[in-house]
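Visitor: Before we start, here is the structure in question, set down as C-alpha cells.
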DNA sequence: ATATTAATACATTGAATAGTGTATTTCAAG
DNA sequence: CTTGAAATACACTATTCAATGTATTAATAT
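Structure follows, in C-alpha cells:
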C-alpha cells in the first residue's frame, strides 16, 4: 500500500507524426499494436495494472487478496505482463514484488479510461 | 480515396483526473475499458481503422480490395465496429460507405502506435 | 420482371486464451 | 534437515472469436 512511484513521466510519447499520412499499417506494425491492445484487453490485467499504479509495487499474494482471485491466476497474468516488458519484479524473501516499468502503459490506460467513459456515454 | 475528414479533434479527452488516485477499478469500469481495448486488439480491425483514417470513408468492397480480404470478413468487422459506436455508415446506391465517428479512437490509435514502437524497442 | 453487383445474415470450424487443479521450486523459520 | 509459505510450471477445460461458405437482402440496370 505504499505509494512510491518513479514519476509518471507525463509525455513518454514523441512529437507525433500525423497518423492520417502514415503509410497503411503493415502486417507487422499492426501486429505490434495488436499485441499491446491485447495485453490491455483483459479485465484482470487492467485491474492489476491499476492496482500497481496506485500502490507502486505489490506481491502476488497481496494482489490476489485485493482482487479476490487465486494466486495462480494473478501469477499467470503477471508473467504475461512481464513477457511484454510491462512489469518488472524484485524478490524480497518469500515475496516477489512487481512494479510497472513501462510508463507508456500508464498513459494509455489513463487515456483509454477517459475515452471509454465518453464512448459509453455516446454509444448507448 | 478522397481525403475528407471532419477534423481529428486534437483533444477529445477531458482535463485528466489523476489515475493514481482513482478508486480501484470496479468490475464494470474495467469491463468498459476492456471492451474498448478488445475492439482494437485485432489486426484486421486496426488496419481497417487506419485505412478509414486515411481515406475518410470507404465501402466494403474497396476495403476488401485494399486489405486483400474477403468482403464477409470486412463486413463482419465493420458490424462489430458499428455496434461499438466507432464507425457509422451511409448508403450510396449499391455501396455502403463507412466512416469513423468516434474521434477518440483515432487518438488512442495514434497514441498506441507510438507506444508500441517504443515498447518494441525497449522490451526486445 | 430478370439479372447482376454489393453487402449482410447465419451456421460452422479452428485457434487463442483465462482460470483451475496439481505438482514443483524457492526461500525463510525453527 | 524439516516444515511451511509464496510463487511458478504445466496440463486441461471452457469460452471467445475471426474467417469461411452458403444463403439472403437491397439496389441498379437491361
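Chains as they are written, first to last, in the working numbering: chain E, 2 to 125; chain W, 2 to 125. Beta carbons are placed, not taken as given, at the ideal position from N, Cα and C, and that holds for glycine.
By the criterion of Cβ-Cβ separation under 7 Å, what are the contact partners of residue 1 of chain E in chain W?
Guide: Since the first and last residues shown for chain E are 2 and 125, residue 1 of chain E lies out of range.
Visitor: Grouping DSSP H, G and I as helix and E and B as strand, with all else coil, what is residue 96 of chain W?
Guide: As a working mapping, residue 96 of chain W is identified with position 95 in the second chain. Strand at residue 96 of chain W.
Visitor: How long is the line joining the alpha carbons of residue 86 of chain W and residue 49 of chain W, rounded to whole angstroms?
Guide: On the second chain, position 85 is the one that residue 86 of chain W refers to. On the second chain, position 48 is the one that residue 49 of chain W refers to. Using only the alpha carbons, I get a separation of about 15 Å.
Visitor: Taking C-beta pairs closer than 9 Å, name the residues in chain W that residue 75 of chain E reaches, listed in chain order.
Guide: On the first chain, position 74 is the one that residue 75 of chain E refers to. In chain order: nothing, as chain W lies at least about 15 Å away.
Visitor: Are residue 79 of chain W and residue 61 of chain W closer than 8 Å when you measure CB to CB?
Guide: Against the second chain, residue 79 of chain W aligns to sequence position 78. Against the second chain, residue 61 of chain W aligns to sequence position 60. It is a contact, given that the beta carbons lie within the stated cut-off.
Visitor: Restricting to Cα atoms, I'd like to know which of W/91, W/32 and W/112 is closest to residue 102 of chain W.
Guide: As a position in the second chain, residue 102 of chain W is number 101, starting the count at 1. That would be W/91, whose Cα lies nearest to the Cα of residue 102 of chain W.
Visitor: Do you know how far the Cα of residue 108 of chain E is from the Cα of residue 20 of chain E?
Guide: As a working mapping, residue 20 of chain E is identified with position 19 in the first chain. As a working mapping, residue 108 of chain E is identified with position 107 in the first chain. Distance between the alpha carbons of residue 20 of chain E and residue 108 of chain E: 18 Å.
Visitor: What residues match up with residue 58 of chain W in a beta bridge as DSSP calls it?
Guide: Residue 58 of chain W sits at position 57 when you count from the first residue of the second chain. Looking at the DSSP assignment, residue 58 of chain W forms a beta bridge with W/100.
Visitor: Say whether chain W places a C-beta atom closer than 8 Å to the C-beta of residue 66 of chain E.
Guide: Residue mapping note: residue 66 of chain E aligns to position 65 of the first chain, counting from 1. Output row for residue 66 of chain E: interface = no.
Visitor: For residue 100 of chain E, which residues of its own chain have a beta-carbon under 7 Å away from its beta-carbon, when the five flanking residues on both sides are left out?
Guide: Mapped onto the first chain, residue 100 of chain E falls at position 99. Once the five neighbours on either side are set aside, the close Cβ partners of residue 100 of chain E are 53, 57, 58, 88 and 89.
Visitor: Can the beta-carbon of residue 74 of chain E be found closer than 8 Å to that of residue 40 of chain E?
Guide: Indexing the first chain from 1 puts residue 74 of chain E at position 73. Indexing the first chain from 1 puts residue 40 of chain E at position 39. Taking 8 Å as the Cβ cut-off, residue 74 of chain E and residue 40 of chain E do not qualify as a contacting pair.
Visitor: Return helix, strand or coil for residue 21 of chain E, following the three-state DSSP convention.
Guide: Residue numbering aside, residue 21 of chain E sits at position 20 when the first chain is read from its first letter. Three-state DSSP puts residue 21 of chain E in a helix.
Visitor: Since residue 51 of chain E and residue 116 of chain E are thought to touch, with beta carbons under 8 Å apart, how far apart are those beta carbons, to the nearest angstrom?
Guide: As a position in the first chain, residue 51 of chain E is number 50, starting the count at 1. As a position in the first chain, residue 116 of chain E is number 115, starting the count at 1. Rounded, the Cβ-Cβ distance is 15 Å, inconsistent with contact.
Visitor: Please list, in chain order, the chain E residues whose beta carbon lies closer than 7 Å to that of residue 89 of chain W.
Guide: Translated into the one-based positions of the second chain, residue 89 of chain W becomes position 88. Result: empty, since nearest Cβ-Cβ is about 11 Å, beyond 7 Å.
Visitor: Does any CB atom of chain E fall closer than 8 Å to the CB of residue 5 of chain W?
Guide: In the second chain, the residue the question calls residue 5 of chain W occupies position 4. Confidence at residue 5 of chain W is low in this model, with a pLDDT of 40, below 50, so the placement of that residue should be treated as unreliable; the coordinate-derived value is given next. No, its Cβ sits nowhere closer than 8 Å to a Cβ of chain E.
Visitor: Please state if the CB of residue 47 of chain E and the CB of residue 1 of chain W are separated by a distance shorter than 8 Å.
Guide: What is shown of chain W runs 2 to 125, which leaves residue 1 of chain W out entirely.
Visitor: With DSSP collapsed to three states, give me the class of residue 86 of chain W.
Guide: As a first step, residue 86 of chain W must be located in the second chain, where it is residue number 85. Residue 86 of chain W falls in the coil class under three-state DSSP.
Visitor: Just the C-alpha distance for residue 125 of chain W and residue 84 of chain E, rounded to the nearest angstrom, thanks.
Guide: Counting from 1 along the second chain, the entry for residue 125 of chain W is found at position 124. Counting from 1 along the first chain, the entry for residue 84 of chain E is found at position 83. Note that residue 125 of chain W scores 44 on pLDDT, short of 50, meaning its location in the model is unreliable and no value can be drawn from it.
Visitor: Output yes if chain W places a C-beta closer than 8 Å to the C-beta of residue 93 of chain E; else output no.
Guide: Locating residue 93 of chain E in the first chain gives position 92, where the first residue counts as 1. Not one chain W Cβ lies under 8 Å of residue 93 of chain E.
Visitor: At the level of alpha carbons, what is the spacing between residue 71 of chain W and residue 65 of chain W?
Guide: One-based indexing of the second chain puts residue 71 of chain W at position 70. One-based indexing of the second chain puts residue 65 of chain W at position 64. Answer to the nearest angstrom: the Cα atoms are 6 Å apart.
Visitor: Would you mind telling me which residues of chain W sit closer than 7 Å to residue 41 of chain E, beta carbon to beta carbon, in chain order?
Guide: Numbered from its first residue, the first chain carries residue 41 of chain E at position 40. Simply 38.
Visitor: Using the beta-carbon count (16 or more within 10 Å), is residue 24 of chain E buried or exposed?
Guide: As a position in the first chain, residue 24 of chain E is number 23, starting the count at 1. Exposed.
Visitor: Please state whether the Cβ-Cβ distance between residue 43 of chain E and residue 35 of chain W is less than 8 Å.
Guide: Within the first chain, the letter at position 42 stands for residue 43 of chain E. Within the second chain, the letter at position 34 stands for residue 35 of chain W. For residue 43 of chain E and residue 35 of chain W, yes; Cβs fall inside 8 Å.
Visitor: Does any CB atom of chain W fall closer than 8 Å to the CB of residue 62 of chain E?
Guide: Counted from its first residue, the first chain places residue 62 of chain E at position 61. Not an interface residue.
Visitor: When we look at the beta-carbon of residue 94 of chain W and count the other beta-carbons within 10 Å, is it buried (16 or more) or exposed?
Guide: Taking the second chain and counting its residues from 1, the one referred to as residue 94 of chain W is at position 93. Result: exposed.
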